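The structure appears below as structure tokens.
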Amino acid sequence: RKEVEQDPGPFNVPEGATVAFNCTYSNSASQSFFWYRQDCRKEPKLLMSVYSSGNEDGRFTAQLNRASQYISLLIRDSKLSDSATYLCVVRWMDTGRRALTFGSGTRLQVQP
Amino acid sequence: SQTIHQWPATLVQPVGSPLSLECTVEGTSNPNLYWYRQAAGRGLQLLFYSVGIGQISSEVPQNLSASRPQDRQFILSSKKLLLSDSGFYLCAWSPWGGQAYSNQPQHFGDGTRLSIL
Numbered sequence: 101r102k103e104v105e106q107d108p109g110p111f112n113v114p115e116g117a118t119v120a121f122n123c124t125y126s127n128s129a130s131q132s133f134f135w136y137r138q139d140c141r142k143e144p145k146l147l148m149s150v151y152s153s154g155n156e157d158g159r160f161t162a163q164l165n166r167a168s169q170y171i172s173l174l175i176r177d178s179k180l181s182d183s184a185t186y187l188c189v190v191r192w193m194d195t196g197r198r199a200l201t202f203g204s205g206t207r208l209q210v211q212p
Numbered sequence: 103s104q105t106i107h108q109w110p111a112t113l114v115q116p117v118g119s120p121l122s123l124e125c126t127v128e129g130t131s132n133p134n135l136y137w138y139r140q141a142a143g144r145g146l147q148l149l150f151y152s153v154g155i156g157q158i159s160s161e162v163p164q165n166l167s168a169s170r171p172q173d174r175q176f177i178l179s180s181k182k183l184l185l186s187d188s189g190f191y192l193c194a195w196s197p198w199g200g201q202a203y204s205n206q207p208q209h210f211g212d213g214t215r216l217s218i219l
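Structure follows, in structure tokens:
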């Protein structure tokens, strides 16, 4: 089983739609959670951190469910510019190595 | 503000040739530094990380090596490249700082696209 699992997609949605991605992680000692965005042939860029109580940044809402070991990302009012691959990222502390573990990403294609 | 520079952006090398990719960070001291590789259509794989000068931890045994000769410089090397070394190599940094750092994300350089012929 992968440490961080995501549905690879693609999710094809029309402009203005609401779309949600889920991500599950296997290590219960996970400490920090993030969503990154990666455009084609570019480096990943931080989209938002995910906090225990859930958090919102404009059209983006992130949720964390520690009991079920999953995080989610909700995008409202999708824009063409939201088309990208969304990476679920987890840091766990038990190894002490301070690195992040990345999911393989979910591809989103917003269509006009 | 902090910036991270990585070069070259693109590299085409023959099998068996050596490799040196360089990454530098500006605007911060004693960062944690990382090298990742992303194969085409795949997720990111952590190769090396460093919490200080001369301190390198390897995640995946292979024919690559890393060095940190200065606080904000991280180098990825190989003596002899293999076809399987092709990929997108990314350097990243995160702030140093004990438990307080744990919620800090990593920030990536622009990446080096390496093709082995």
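One line per chain: the protein sequences are A and B, in this order. Just so you know, this note's numbering puts 153 at position 53 of the first sequence, and the rest follows in order with no gaps. Just so you know, this note's numbering puts 209 at position 107 of the second sequence, and the rest follows in order with no gaps. Every residue gets a Cβ at the ideal spot worked out from N, C-alpha and C, and that includes glycine. Remember, it's a predicted structure, so these values are computed and weren't measured experimentally.
Here DSSP, grouped into helix, strand and coil, assigns L146(A) to strand.
If you look at N165(A), you'll find it in the beta strand (DSSP E) that goes 160 to 165.
Residue state for L178(B) is assigned as strand, using DSSP reduced to three classes. K145(A) has a beta carbon lying within less than 9 Å of a beta carbon in chain B.
The three-state secondary structure of D107(A), taken from DSSP, is coil. Cα atoms of S172(A) and Y136(B): separation of roughly 26 Å, rounded to the nearest angstrom.
In this structure, the alpha-carbon of S128(A) lies about 9 Å from that of A167(A). Among the residues facing chain B, F111(A) is not included, as its CB has no counterpart in that chain under 9 Å away. In the structure shown, L180(A) adopts helical secondary structure according to DSSP, grouped into three states. With 16 or more other Cβ atoms from the protein chains shown falling within 10 Å of its own Cβ, D187(B) counts as buried. Distance from I177(B) to L123(B) at the Cβ level is roughly 7 Å; contact confirmed, criterion being Cβ atoms closer than 8 Å.
Its Cα nearest to that of K179(A), the residue Q211(A) stands out among Q211(A), S130(A), D139(A).
For the options L146(B), Q206(B), L219(B), L216(B), the alpha carbon positioned closest to that of V162(B) is the one of L146(B). Nearest CB-CB separation between D173(B) and chain A: not below the 9 Å threshold.
According to the DSSP assignment, V127(B) belongs to the beta strand (DSSP E) that extends over 121 to 128. Distance from the Cα of Y138(B) is smallest, within the candidate group T214(B), I218(B), L219(B), for T214(B). Contacts with chain A at 9 Å (Cβ-Cβ) include D212(B). Only residues of its own chain outside the window of five on either side were considered, and among them P144, K145, L146, L147, L187, V189 have a CB closer than 7 Å to the CB of Y136(A), listed in chain order.
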